[in-house]
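Residue numbers (our numbering): 1 to 520.
Ideal placement from N, C-alpha and C gives every residue a C-beta, glycine not left out.
Taking it in order: structure first as structure tokens, then the write-up.
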Amino acid sequence: MKHAFDFKILKRAILSLLICIPAVTGAAQAASLDKAGAEMVRRVFQAALTAQDKAVQARGIRLEMDGALAVEPAETYYAVTFPHLKAVWPDGRVFDMGILSLNAQPADGSGRWKVTMALPTPMVLLEKNGAESLRIEPGVQKASGIWREDLGAFSTFDSAYENVMIHSAGGAMTTRIGKLALHHAFTKGADGFWSGPVEAALDNIQAEGTSPGAGAFKASLRSFSLKGEVQGYDPAHAGSLGSRMTGASPGGIFLSVLPFLPDATGGFKQEIALAGLSVMLKNAADGSDMPVTLSSARAGTSLGNLRSNTGDLSVRLGLEQLSADPRIPGISPFVPSDLKIEGLLTSFPVQNVAALLKTMAATPPGPASGLAGMTMMLSLPGLLSEAGSALDLPASFIKGADYRVDLSGGMVADSQAANGFKGKIRTVFQGVDRVLEKSRGMIAQGSLQAPQLRKIVEAMEYVKSVARVEQDGAGAARHILEYEMTPDGRFLLNGQPFSIPLPGLGGSMRAVPVAPVVAQ
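What follows is the structure, encoded as structure tokens:
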């Protein structure tokens, strides 16, 4: 494929058409399920399609509509059939979405509609020369939900798709998903905010094809799941948050989105897990097989209490039994087979920091904005100390065939500490000598990964130069580095004062002894 395809845009192109439903519910509630009511619904849908066309044009995309939007009343619902829809990108690519259809039926309670729908099949992405580069066939499908006018979205939604087929790069790769299921269920709390679970599950995923320069490959994944929870969602602010993200640069998002995130939600959790990954690659040089397998992997994040000054953030990452064939030169000796990484930030002053960021966002560029940024940096240590913010690093590790690295410790904001923080982080390296020996041997043999291997050698030499060495139960060396920031402002490495000049600023990655700092 000549162009990388943005699947976020693809998702929006398919689902954003449904934004018109809130307006439809209001019109349809006031009308009978007859021809007159159907005409009211049709006009509202047509206006929504026109508005959606203008919205995607702001992103440089044109929405083409072939045919007329049709709405027919049945005994208990409206049958809505969209025109044939195509999204056209500025570079000439066309995503042919086909014809979307749905049924909307009044549900119990004012402003609630039961909606069932069917995605068009197939949906096709065409390059500017008309060649097909992506084809999506949803297979057997079932999707329904309850649309709430006061939420402006589905309060509950369930869908299941079986034998989903995705053909890409003109047939160069084919992916089959045995089953795809989506679910969410939001309820409105006494505070007027919405909360509930969000889940996605994919089973029996298989892919095969050819990769440029690497030959044929096959891959399979037994299962993939995402389990999450939305806490205190406020639809009134969520829309403005989305508009702030449109067209914003990564740096712009920092000031235009993050300060307003607590307005849109009180927090969220998500946990991603996969199991049974197997990939078989072909060595382009000699045609031999190069297998990669992974028993399981998981990653999770959570943000909580965002509408308070005691917010928390946790990050979790882990994998088990990753294996890469030794014939992949320069990779397999250092690929971690198992790892577990966790971090927890607690008592973060979300509201106070958000207020400072909002001030920065509202300050015009120039000297005033620089002053606002400086005020933020000077205020932050005090805010963290007042809130009692703490960073906890539970027992984490990364393990390979020849090494293991363990990490633990934490830092606490403390207004009485000379640097505003105090704490200790302990790192234990096992297998340093084995990694050095293997890296140097591969460099001597002319490995194509020699530049990366030299960086590994430099890092391991640094560890050996500053670490405290102990013996484990089997008599093997364990290189220990304990970094500490003391309340009186000293930086200690294994109990001794030190500093680390930053690379590129006249120093090297070497610990430099310094005179102890005496508290005043």
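Does the Cβ-Cβ distance between residue i and residue j come in under 8 Å?
i: L453; j: S439; result: yes
i: L313; j: L303; result: yes
i: G410; j: L384; result: no
i: K179; j: A160; result: yes
i: P73; j: L33; result: yes
i: L407; j: F397; result: yes
i: D53; j: L69; result: no
i: I99; j: P120; result: yes
i: G431; j: D402; result: yes
i: F193; j: G232; result: yes
i: S225; j: A190; result: no
i: E127; j: R93; result: yes
i: G343; j: L393; result: yes
i: P497; j: Q351; result: no
i: L182; j: F154; result: no
i: L481; j: V457; result: no
i: N305; j: A387; result: no
i: E229; j: K269; result: yes
With burial defined as no fewer than 16 other Cβ atoms inside 10 Å of the residue's Cβ, what is the status of residue i: buried or exposed?
i: R42; result: buried
i: G60; result: exposed
i: T265; result: buried
i: N129; result: exposed
i: V164; result: buried
i: A368; result: exposed
i: S195; result: buried
i: A417; result: buried
i: L125; result: buried
i: L319; result: buried
i: G441; result: exposed
i: L294; result: buried
i: G67; result: exposed
i: V405; result: buried
i: S415; result: exposed
i: S110; result: exposed
What are the boundary residues of the beta strand (DSSP E) that includes residue i?
i: G366; result: Premise fails: G366 is in no beta strand (DSSP E) and is neither H nor E.
i: G139; result: Looking at the DSSP string, G139 is not in any beta strand (DSSP E), and its letter there is neither H nor E.
i: L481; result: 477–485
i: A118; result: 112–118
i: S439; result: Careful: S439 lies outside any beta strand (DSSP E), inside the alpha helix (DSSP H) at 432–444.
i: V335; result: Here V335 belongs to no beta strand (DSSP E), and DSSP marks it neither H nor E.
i: S178; result: Residue identity check: residue 178 is Gly in the sequence provided, not Ser. That run of the beta strand (DSSP E) goes 173–185.
i: Q321; result: 311–324
i: P106; result: 101–106
i: Q416; result: No beta strand (DSSP E) contains Q416, which DSSP labels as neither H nor E.
Can you list, in chain order, the residues of its chain whose CB lies under 7 Å from that of residue i, leaving out five sequence neighbours each side?
i: G423; result: G409, G410, M411, V412, M485
i: G400; result: F334, V335, P336, S337
i: M280; result: F217, K218, D289, P291
i: P122; result: R135, I136, E137
Thinking C-alpha only, which one of the options is nearest residue i?
i: D203; options: G388, A190, S223; result: S223
i: F82; options: E75, Q270, L49; result: L49
i: N103; options: K464, K142, G267; result: K142
i: T174; options: S101, D150, E482, I205; result: I205
i: F429; options: Q416, I146, A417, A459; result: A459
i: T359; options: M374, T346, S347, L345; result: M374
i: S220; options: E162, G209, G276; result: G276
i: T210; options: H167, E342, G311, G475; result: H167
i: M376; options: K464, P394, P349; result: P349
i: K86; options: M97, Q351, E437, P197; result: M97
i: V463; options: P451, G475, N494, I443; result: N494
i: K35; options: G139, N309, A79; result: A79
i: D433; options: A450, S415, V469; result: V469
i: K282; options: G267, A324, I456; result: A324
i: R426; options: Y483, G267, D414; result: Y483
i: L339; options: T346, L345, S347, L322; result: L322
i: S144; options: S101, A169, A172, E132; result: S101
i: P381; options: V435, P487, N419; result: N419
Excluding sequence positions up to five away, which residues of its chain have a Cβ less than 8 Å from the Cβ of residue i?
i: L258; result: A354, L357
i: A107; result: W113, K114, I146
i: H237; result: F260, D263, A264
So the alpha helix (DSSP H) residue i belongs to, where does it begin and stop?
i: R454; result: 450–466
i: D338; result: Careful: D338 lies outside any alpha helix (DSSP H), inside the beta strand (DSSP E) at 338–348.
i: A264; result: 261–264
What does a CB cutoff of less than 6 Å around residue i pick up in its chain, not counting 5 residues either side in sequence?
i: Q29; result: With a pLDDT of 46 at Q29, under the threshold of 50, the modelled position of this residue cannot be trusted, and the question is left open.
i: G300; result: E271, R316
i: I177; result: V164, L202, I205
i: K188; result: W194
i: V517; result: Low per-residue confidence applies at V517: pLDDT is 34, beneath 50, and the placement is therefore not dependable enough to give any value.
i: K227; result: E199, E271
i: A297; result: L274, L319
i: T363; result: S369, A372
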